[in-house]
Ligand code: CAA
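As structure tokens, then:
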């Protein structure tokens, strides 16, 4: 299959899924999320032994599409949250190891897609964070659950409460990314890592991944269900409308 805003490319058994909306810094809209879901399904069916997620141009993924979100009702916010979660869950459950190649901005839903991958490698110029608070909402695709697991409770609270935008080195210091490399080395480092992963016994690899994912079961499920309700409930509030209008109109928000 082919899609307008997502590319799925192969190098041997390694599949690379590139979000390709560079004019919007790869912000995720409905079309792109649906395409990502289909591309992940295709990559799994075709037997990928490793999958790389990255973004076209200078950004990884600058988050969920704020222009789309700005007028959503609570019910629409709920459906929107669920669609993003489906993609994040598909990444987490992908039957082979996944690597986020963070080549640039990874904010909000972009950071959340990276967190749903098994491993994260960032280019040194990348900026990463869950910035939703400044739009009058909360992370909606898993960060309230996955971020504390990766960086610890205190750091996750700081990042989400303050909407911090960490540089790659700081993200590595707190454990949000596993490795930082020079911008012009990212592609080679990712190729080498993905090829190494793909060379390992596939069934043992999948089993190891499923076993590690068990640590997320139970409490993650109820936590995600809570996040879904909380995320949806913020659509239609004054601060959500104001935060997103301010972004679109390129001005400072005036929160309640
Ligand atoms: N949604 C929609 N469009 C976006 C976008 C987003 N998340 N991020 C960037 N864009 C668009 C801009 O509107 C702009 O489009 P136009 O040229 O049509 O005006 C284009 O991409 C380039 O962006 P900028 O001009 O802003 O580029 P910049 O280099 O000055 O700034 C940036 C880059 C710092 C990433 C800035 O764009 C930014 O802060 N973006 C928003 C990041 C953010 O808050 N993401 C979280 C979204 S909420 C979320 O993801 C919810 C969730 O949990 C599901």
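In this note's numbering, the protein residues as written are 38 to 293. All C-beta atoms, glycine included, are put in the ideal place defined by N, C-alpha and C.
Cβ-Cβ distance between residue i and residue j below 8 Å
i: residue 241; j: residue 87; result: no
i: residue 292; j: residue 280; result: yes
i: residue 105; j: residue 66; result: yes
i: residue 101; j: residue 59; result: no
i: residue 98; j: residue 177; result: no
i: residue 179; j: residue 103; result: no
i: residue 158; j: residue 215; result: yes
i: residue 120; j: residue 164; result: no
i: residue 197; j: residue 268; result: no
i: residue 182; j: residue 254; result: no
i: residue 50; j: residue 74; result: no
i: residue 125; j: residue 150; result: yes
i: residue 142; j: residue 62; result: yes
i: residue 217; j: residue 107; result: no
Proximity test, residue i beta-carbon vs the ligand CAA heavy atom, cut-off 7 Å
i: residue 169; result: yes
i: residue 263; result: no
i: residue 284; result: yes
i: residue 145; result: yes
i: residue 246; result: no
i: residue 165; result: no
i: residue 290; result: no
i: residue 185; result: no
i: residue 104; result: yes
i: residue 67; result: no
i: residue 238; result: no
i: residue 174; result: yes
i: residue 215; result: no
i: residue 121; result: yes
i: residue 127; result: no
i: residue 267; result: no
i: residue 113; result: no
i: residue 178; result: yes
i: residue 149; result: yes
i: residue 159; result: no
i: residue 109; result: no
i: residue 100; result: yes
i: residue 93; result: no
i: residue 199; result: no
i: residue 230; result: no
Selection from the options that minimises the alpha carbon distance to residue i
i: residue 208; options: 199, 188, 225; result: 188
i: residue 153; options: 293, 77, 51, 275; result: 77
i: residue 136; options: 90, 60, 68; result: 90
i: residue 226; options: 257, 237, 204, 160; result: 160
i: residue 248; options: 122, 118, 129; result: 129
i: residue 270; options: 117, 202, 148; result: 117
i: residue 162; options: 203, 127, 186; result: 203
i: residue 219; options: 230, 231, 85, 206; result: 206
i: residue 96; options: 288, 210, 144; result: 144
Proximal residues to residue i (C-beta, below 8 Å), its chain only, five neighbours per side dropped
i: residue 200; result: 166, 167, 168, 169, 170, 171
i: residue 80; result: 45, 52, 54, 88, 131
Cut-off 7 Å between Cβ atoms - residues of its own chain near residue i, not counting five sequence neighbours on either side
i: residue 243; result: 132, 133
i: residue 72; result: 40, 42, 43
i: residue 112; result: none
i: residue 47; result: none
i: residue 185; result: 193
i: residue 238; result: none
i: residue 275; result: 293
Close beta carbons around residue i, own chain, < 6 Å, minus the five adjacent residues each side
i: residue 155; result: 134, 135
Residue i: CB within 7 Å of a non-hydrogen atom of the ligand MG
i: residue 62; result: As far as ligands go, the structure on display features the ligand CAA and does not contain the ligand MG.
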